[in-house]
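The sequence shown runs contiguously to residue 619 in this note's numbering. Don't be surprised by glycine CBs; every beta carbon is placed ideally from N, CA and C. Owing to the predicted nature of the structure, the values given are computational and were not obtained by experimental measurement. Comments concern the structure below.
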Amino acid sequence: MGSMLETLRNAFKIPDLRKRIGFTVLIMLIYRLGTAIPVPGISVEAFTEFFNRLGQYGSFMETITGVTLTGQTVRAVPIFVLGIQPYINASIIMQLLTFAIPALQRLSEEGEEGRKKIQKITRFVTVGLALLMSTAYWYSTRTAGVSVLPPVLNALVVILSFTAGSSFIMWLGEQINDRGIGNGISMIIFTGIISGFPNNVISVYYSFMKWSQSSTILAILGVLLVIFVFVAMITLVVYIQSAERRIPVQYAKKVIGRKMYGGQSTYLPIKVNQSGVLPVIFAVSVLMMPSTLVSLFGFDGKVAQFFLNFSNNPLYYLIYAFLIFAFTFFYSSISFNPDEIASRWQKDGGFIPGIRPGRSTSAFIRQTSRRLLWFEALFLVFIVLFPSVLSLLTDSMQNISLGGTSILIVVGVAMDIITQLESQLMMRHYKGFLD
Numbered sequence: 185m186g187s188m189l190e191t192l193r194n195a196f197k198i199p200d201l202r203k204r205i206g207f208t209v210l211i212m213l214i215y216r217l218g219t220a221i222p223v224p225g226i227s228v229e230a231f232t233e234f235f236n237r238l239g240q241y242g243s244f245m246e247t248i249t250g251v252t253l254t255g256q257t258v259r260a261v262p263i264f265v266l267g268i269q270p271y272i273n274a275s276i277i278m279q280l281l282t283f284a285i286p287a288l289q290r291l292s293e294e295g296e297e298g299r300k301k302i303q304k305i306t307r308f309v310t311v312g313l314a315l316l317m318s319t320a321y322w323y324s325t326r327t328a329g330v331s332v333l334p335p336v337l338n339a340l341v342v343i344l345s346f347t348a349g350s351s352f353i354m355w356l357g358e359q360i361n362d363r364g365i366g367n368g369i370s371m372i373i374f375t376g377i378i379s380g381f382p383n384n385v386i387s388v389y390y391s392f393m394k395w396s397q398s399s400t401i402l403a404i405l406g407v408l409l410v411i412f413v414f415v416a417m418i419t420l421v422v423y424i425q426s427a428e429r430r431i432p433v434q435y436a437k438k439v440i441g442r443k444m445y446g447g448q449s450t451y452l453p454i455k456v457n458q459s460g461v462l463p464v465i466f467a468v469s470v471l472m473m474p475s476t477l478v479s480l481f482g483f484d485g486k487v488a489q490f491f492l493n494f495s496n497n498p499l500y501y502l503i504y505a506f507l508i509f510a511f512t513f514f515y516s517s518i519s520f521n522p523d524e525i526a527s528r529w530q531k532d533g534g535f536i537p538g539i540r541p542g543r544s545t546s547a548f549i550r551q552t553s554r555r556l557l558w559f560e561a562l563f564l565v566f567i568v569l570f571p572s573v574l575s576l577l578t579d580s581m582q583n584i585s586l587g588g589t590s591i592l593i594v595v596g597v598a599m600d601i602i603t604q605l606e607s608q609l610m611m612r613h614y615k616g617f618l619d
């Protein structure tokens, strides 16, 4: 903790970093302001009823947006109600299409220029999905409209407001990437989670009050117990996020002219948690898609009820765990390329002691990475599902079912910010030393 505070203090001493931090905070405040701007012409009661039907997915949307969408305290439907969900879904679609469409695969291999082109396509897909989701949200609540405008004009106002709000959030995230600190999309989700934390604590307290039959002491003890569990989980997440497997690398000596180069030893760090929280977010998005479609289009019957109540079924947790495993391995396959690493080492004269350069090196790196991926997936399943299992034990624990996901996001974003600040400080330190 002391090292983290020292990093922040040193960062504020550098004008450029101070501006970046201030800009990031400004964007976060703008996002929070947007969550308070209401959309006219839509019934709050119909909208909250819709999200109540979504069950845990509605709670997930509340978690990542920081907007209250369920319960009796909702006063208005905000313009940012879609949050960053369209962008997340667009990212999933683009990553899947990269494997299926050769043209996109070639773009992904073109370095920075290819990445920019894929990002541009992702923006268009995001706007399209936001438009589709906005239309579906309006359609599901159309019979309870409260606008004095004609029906068609009212529909346009609601749909375009939601779409513009989601597109603006995507733009805010990109501004953080370009001019701020941290990953923009992660910072948006981080803002939503942190802003909802006080309400969650109060909600847990009142849940324990109800459970303990209005005993204040028991309610406080219950809240302290939940806090203790979460502190233990945060400690575990920080430890795993910091852990890495270091593969030793030796560079052969080269004589160029009259000088000798190389010969140094280094290592390849492979983080235990390579994918962060993305497999969890992707898994939730896929898992909740059926219940969302059922609620959006007002389907009824036994099949519809099955999907609406699916989060209470033990099969839900088994499929959830399977999807986390699947997305963990999938994301690693597109973000970590052992063949490219082995090829680069071979060109530069690098090798792993005891391992032949080339294919043998690539196979060794891939095998090491896969072993860590199994541990990473098990870790993610435990962190995400442990609070959910606790929430099944008693009604007073219902509000912590998404606590594991929140912890992963908050800790991951915080550590990413500190890492970026430390690298910036180190770069400037070396620059000053050389000058």
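- Rounded to whole angstroms, the Cβ separation of residue 364 and residue 191 is 17 angstroms, and the two are not in contact under 8 angstroms.
- Residue 387 and residue 399 have their C-alpha atoms some 15 angstroms from each other.
- The residue among 606, 506, 341 and 278 with its C-alpha nearest the C-alpha of residue 315 is 341.
- The segment 266–280 and the segment 299–308 touch, with three or more beta-carbon pairs separated by less than 8 angstroms.
- Taking C-alpha positions only, residue 548 is separated from residue 518 by approximately 18 angstroms.
- Distance from the CA of residue 355 to the CA of residue 266, rounded to the nearest whole angstrom, comes to 14 angstroms.
- Contact between the segment 458–465 and the segment 509–528 is present: three or more C-beta pairs spanning the two stretches fall below 8 angstroms.
- Per DSSP, residue 216 is not a residue of any beta strand (DSSP E); the alpha helix (DSSP H) it occupies stretches across 199–218.
- Secondary structure note for residue 428: its beta strand (DSSP E) is the uninterrupted segment 428–435.
- Taking a 10 Å sphere around the C-beta of residue 204, we find 16 or more other C-beta atoms and assign the residue as buried.
- Distance between residue 352 and residue 515, taken at the CA atoms: about 27 angstroms.
- Distance from residue 321 to residue 346 at the Cβ level is roughly 6 angstroms; contact confirmed, criterion being Cβ atoms closer than 8 angstroms.
- Classified as buried, residue 273 has 16 or more neighbouring CB atoms from the shown chains inside 10 Å of its CB.
- Separation of residue 538 and residue 286 (C-alpha to C-alpha, rounded to the nearest whole angstrom) is 37 angstroms.
- Closest by C-alpha distance to residue 415, out of 222, 587 and 478, is 587.
- Look at residue 449 here: in three-state DSSP terms it is strand.
- Straight-line measurement puts the Cα of residue 591 at about 8 angstroms from the Cα of residue 417.
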